[in-house]
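**Student:** Let me give you the structure first, and then I'll get to my questions.
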Amino acid sequence: MKKWILAAAISAALAGCAQHSSDSLALPEGVTLVETVAVDSTGVGIPYKKFQLANGLTVILHQDSSDPLVHVDVTYHVGSGRELPGRSGFAHLFEHMMFQGSENVADEQHFKVVTESGGTLNGTTNTDRTNYFETVPSNQLEKMLWLESDRMGFFLPALTEEKFEVQRETVKNERAQRIDNQPYGRMYERFSQAMYPAGHPYSWPVIGWPDDLNRAELADVKQFFQRWYGPNNATLTIGGDFDELQTLAWVNKYFGDIPRGPEVEALPKTQVTLDQDRYLSMEDKVHLPLIRMALPTVYASHQDEAALDLLANILGGGKTSLVYKNLVKEGYAVQASASHPCRELSCEMSFFALANPAKGGSLKELEGKLRASIAEFERRGVTDEDLEKVKVQFEADTIFGLQSVRGKVSALAANETFYGNPNMIANDLQRYASVTKEDVIRVFNRYVKDKPMVIMSVVPEGVSALVAAADNFTAPAPLVAANAVAGELNVSEAKSSFDRSVMPQSGKAPVLKVPTLWRDNLGNGIEVLGTQSAETPTTEIVIYLAGGHRLADVSKAGVAQLTAAMLNESTSQRSSEELTQALELLGASVQFSASDYQSEIKLSALTEKLDDTLAVLKEKLLMPGFKAEDFERVKQQTLQGLKHSQSNPNYLANTGFAKLLYGDKNALGVDASGTVDTVAALTLDDIKAFYQTQYKAGNAQVVAVSSAPKAALLSSLKTLDSWQGEATAMPALGQLPDLSGGTIYVLDKPGAAQSVISIGKLALPFDATGEYFKAGLMNYPLGGAFNSRINLNLREDKGYTYGARSRFSGGSEVGQFLATASVRSDVTAPAVSEFIKEITTYNATGIRDDELSFMRSSISQGQALDYETPYQKAGFMRMIQRYNLNDGFTAEQDKIIAGIQKDEIDALAKKHLNINEMVIFVVGDKASILPELKALGYPVKDLVL
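Residue numbers (the working numbering): 399 to 1343.
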């Protein structure tokens, strides 16, 4: 769905409409200024300058000096939609390949350079584009341009058969982890085959068909790169704190030598049509039957997209929608919604529902209720409130999207890539603001009413009787293009005018901008820790209540989360739907939740709407409805969700590992959501009792990040002064079990495509500057970064997994060490062996000098990225508040990072990484993995949850 734009009432607080001018800058030769978009106080927008190099590379610069960082994004206008039939997966494969080094960047150096610079990086691929991005301290910008330009212009000389094979295996592992081994994982690709005709760019999955990946050869990959990854098919967008002229000089230096690639034409936006309802189904290892229904509509930026977006929200956009009322509220579905996702070539009006087995689970019945909801819309029509709430809601979403440099850069890059115009905010504002009731009715009649759909049923194995209807669609035989790209390629070889093998030096270290904090207390004694952040006119408030899951007896596990869920429902004054509509009309959210050690109330609001939003929060907090009908529905949803989780291997791994480490005598050994048995036994009286124990003012602390100054914010928060109650004492931690270290435990998941490996032990509770903090530094080169020993071994060298990591995590009472990965089922035992080898070697020999240097540089410089968004600030502040830290604790951490020596780290490794003290837990297909696991020589036991 297209992002919505700021409301006129608050637009002046952000900045304004475009003003195009031609700046007379002394630009580098070959760089052309295309436009300057300024902002004023009368409209909305993101200020930027757009340039173009002689080779066709588009460059967009957005300056934001609020934090000492830069975000660099290179977006190529190539996704899976540019692939040919039978040659799927190439764009996504390149997302992986282009991190593997280029002519002047060594293998794995890209990750190492960015991480050592204190930055973060990634790449993403969808049907229409591929992007690569880094967020780094501002003094690292030149290095990022060197890295990105080298893989754009000098990638192929470093591409080898070995690298290709390793990354092909990595992609297969990703597919196994994200698709084959996940509930409903294969639904999306099969659905697309039915929605789009054979050969349509959206008829195959972004990750590619396995046969297509196996068919690919190195020559095909090279041709695909030459065809699509030229500078004239790319947009380089830079946002943050930088010098504009220096940056342009660097851009021209590093990218200007790269020759123009083949010309790229837009793909046709041919209207997709269906001749009849198409039914298809599949059985899967799931608990909840699922139905998905969709029909094709228009394409992104089409004149009718906005009205269709509003229609989707009215039909199924939340608790005030028709789909929620008719399916979820009535108990027929655990979840249900409607949406209108759009891509460059096509949009879909999409409906989905997870059936509630307690009501029979019939997908035919759900299909009927979804169709009845569509028909009800025609009778009901569109109200003024429908239009207003949806517009305000999305307008507010846009403001929150502008809280980070990355968000702004991403918007500029996407708009340039797809529409040739980064400055789409004003256009979108007009497009969505002008939607009328008549427009919504018109698009309903034209695109939705009585139109054929694709209807897909996903049911538990052996329960095909639950499908909506018998299949009448069979996917056509796959087409296979003769070549990876069409036509002849005539691409010039890049030649550099300078020595690219020399990596640029870092600039002068930026000055960190740690938030300036203030403290105060409300009239009832609640401590408030706050800071002012004026980048957007928003307020984020989190009320933390000490207790959470840990406060409840283990026999009532799940009561903390179920109580929070009930507080998200009706009050004694208004229904859940009325409260939801009130918040939607404010463009705000209030959400109750609970975790292991605390319950939380999160508020997000436009600052000018803060008082009204706090009034809703207060009503939900102090006047809960606790209605029986709400309780039965929410409890049933929770129970079905828990049963559904039994098919998720990661959930099984997390809950099984916790049971091994903490046992069943205390809350930490049971997931905060509870178990099927504990939740089934909970009553409404249990909820009321926990509410009385947990939701007291004496348990509460507040963290606030707002554009409002301290005095104004405290004045707003005074509405909570009437909240009373003394603090509740935390019960004693239950008995912890004696771990059988050096033992392998297996939880059987028959037919699993992957095994989830968890290796670890009980460890240190949290501290900010003591042994726990230092243990985290020690772990960093072992498994704390992409280029750590564990990940480079299991992912990059062996090709066993999509990713492997290790970490120390700690709470106020106890902590744990965990090393984990999801690996191909056929390499489960070898992967366990490699984990053991890496941990044992590090325990024995400790850290290398180069790893110590890398750790120091990466962690210390990365602090420049820690305080950008309001929620990042809130997280930092909560750490200070929860653990009673001094405001300058990060300076003490800096001293520790700079001063810690190899002998201290080695001693920590010897103390905390004894493999014989650790349990090894594997979730996988026991029949196939057990023989090789036994051959490792460790005792092997079964674990049953």
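Even for Gly, the Cβ is constructed at its ideal location relative to N, Cα and C.
#1: Could you give the residue range of the alpha helix (DSSP H) that holds TYR1060?
#2: What's the gap between the Cα of GLU642 and the Cα of LEU1008?
#3: Return no unless some Cβ of chain B is closer than 7 Å to the Cβ of ARG917.
#4: Whole-angstrom Cβ separation of LEU451 and VAL429, contact assumed at under 8 Å?
#5: Would the beta-carbon of ALA1262 fall within 7 Å of that of LEU467?
#6: Do you know how far the Cα of LYS1172 is from the Cα of ALA1289?
#7: Taking ILE458 as part of the beta strand (DSSP E), name the residues at either end of that continuous run.
#8: Cα separation between ARG972 and PHE1029?
#9: Check whether the Cβ of ARG778 sits closer than 6 Å to any heavy atom of the ligand ATP, and report yes or no.
#10: Give me, in chain order, the residues of the same chain whose beta-carbon lies closer than 8 Å to that of GLU1257; leave out the 5 immediate sequence neighbours on both sides.
#11: Assign SER1156 to one of three DSSP states: helix, strand, or coil.
#12: Where does GLN1226 sit, in a helix, a strand or coil, going by DSSP?
#13: Pick helix, strand or coil for GLY779, following the three-state DSSP scheme.
#14: Under the DSSP definition of a beta bridge, which residues are partnered with LEU1216?
#15: Within the same chain, show all residues whose beta-carbon is closer than 7 Å to that of ILE537, passing over the 5 residues directly before and after it, in chain order.
#16: By Cβ distance, which residues of its chain are closer than 6 Å to GLN464, with the 5 residues on each side in sequence left out?
#17: Does TRP1121 come out as helix, strand or coil in the three-state DSSP assignment?
#18: Got a sec, what are the start and stop residues for the alpha helix (DSSP H) SER547 sits in?
#19: Specify whether the segment 794 to 801 and the segment 749 to 767 touch according to this definition: at least 3 beta carbon pairs, one from each stretch, less than 8 Å apart.
#20: Give the straight-line distance between the Cα atoms of GLY715 and GLU433, rounded to the nearest whole angstrom.
#21: So GLN1034 is in the alpha helix (DSSP H); what residue range does that whole segment cover?
#22: Using the C-alpha atoms, what's the distance from ALA1070 back to GLN959?
#23: What are the partner residues of MET822, as DSSP defines its beta bridges?
#24: Name the DSSP bridge partner or partners of PRO657?
#25: Quick one: what's LEU693 bridged to in DSSP?
#26: Kindly identify the DSSP beta-bridge partner or partners of VAL534.
#27: Give the C-beta separation of VAL1317 and TYR1143 to the nearest angstrom, bearing in mind that I take them to be a contact with Cβ-Cβ under 8 Å.
#28: Determine, using beta carbons only, whether ASN631 and VAL662 come nearer to each other than 7 Å.
#29: CA-CA distance, ASP471 and ASN529?
#30: Given this structure, state the Cα-to-Cα distance separating SER420 from LEU431, to the nearest angstrom.
#31: Please report how far the alpha carbon of LYS1271 lies from the alpha carbon of VAL534, in whole angstroms.
#32: In this structure, does DSSP put SER1114 in helix, strand or coil?
#33: Apart from the five residues on each side of it in sequence, which residues of its chain come closer than 8 Å, Cβ to Cβ, to GLN1279?
#34: When DSSP labels each residue in this structure, what does THR1073 get in the three-state scheme?
#35: Among the residues of its own chain, which have a CB less than 8 Å from the CB of LEU665, if the five just before and after it don't count?
#36: Report the CB separation of VAL604 from GLY477 in whole angstroms; it is logged as a contact under 8 Å.
**Tutor:** Reading it off the structure:
#1: 1047 to 1060
#2: In this structure, the straight-line span from the alpha carbon of GLU642 to that of LEU1008 is close to 37 Å.
#3: Judged by its chain identifiers, the structure shown contains no chain B, having just a single protein chain.
#4: Under the criterion of beta carbons closer than 8 Å, LEU451 and VAL429 qualify as touching, at roughly 6 Å.
#5: yes
#6: 15 Å
#7: Where ILE458 is concerned, the enclosing beta strand (DSSP E) starts and stops at 456 to 461.
#8: 16 Å
#9: Annotation note on the ligand ATP: not contained in the displayed structure, which lists no ligands.
#10: In the sequence as displayed, the identity of residue 1257 is Ile instead of Glu. So the qualifying residues of the chain are GLY516, LEU1175, TYR1178 and ILE1295.
#11: strand
#12: For the record, residue 1226 in the displayed sequence is Thr; it is not Gln. Collapsing the DSSP output to three states places THR1226 in a helix.
#13: coil
#14: GLY1158 and ARG1205
#15: Per the sequence shown, residue 537 should be read as Asn rather than Ile. Excluding positions up to five away in sequence, the list reads SER904, GLY905, LYS906, ALA907 and PRO908.
#16: Note that residue 464 corresponds to Ser in the displayed sequence, not to Gln. Cβ within range, chain order: GLU933.
#17: coil
#18: 539 to 551
#19: no
#20: 38 Å
#21: 1026 to 1043
#22: 7 Å
#23: Answer is none; MET822 lacks a bridge partner.
#24: Note: PRO657 is not bridge-paired with any residue in the DSSP secondary-structure output.
#25: MET747
#26: VAL468
#27: 6 Å
#28: yes
#29: Here the alpha carbons of ASN529 and ASP471 stand approximately 7 Å from one another.
#30: At SER420 the pLDDT is 37, less than 50, meaning the model places this residue with poor confidence and gives no usable figure here.
#31: 18 Å
#32: helix
#33: If we look at GLN1279 and ignore the five residues flanking it on each side, its Cβ neighbours are GLU925, LEU927, TYR942, GLN1099 and VAL1101.
#34: coil
#35: Result list for LEU665: GLY479, ARG480, PRO599, GLU742 and LEU743, in chain order.
#36: With a contact defined as Cβ atoms closer than 8 Å, VAL604 and GLY477 qualify at about 7 Å.
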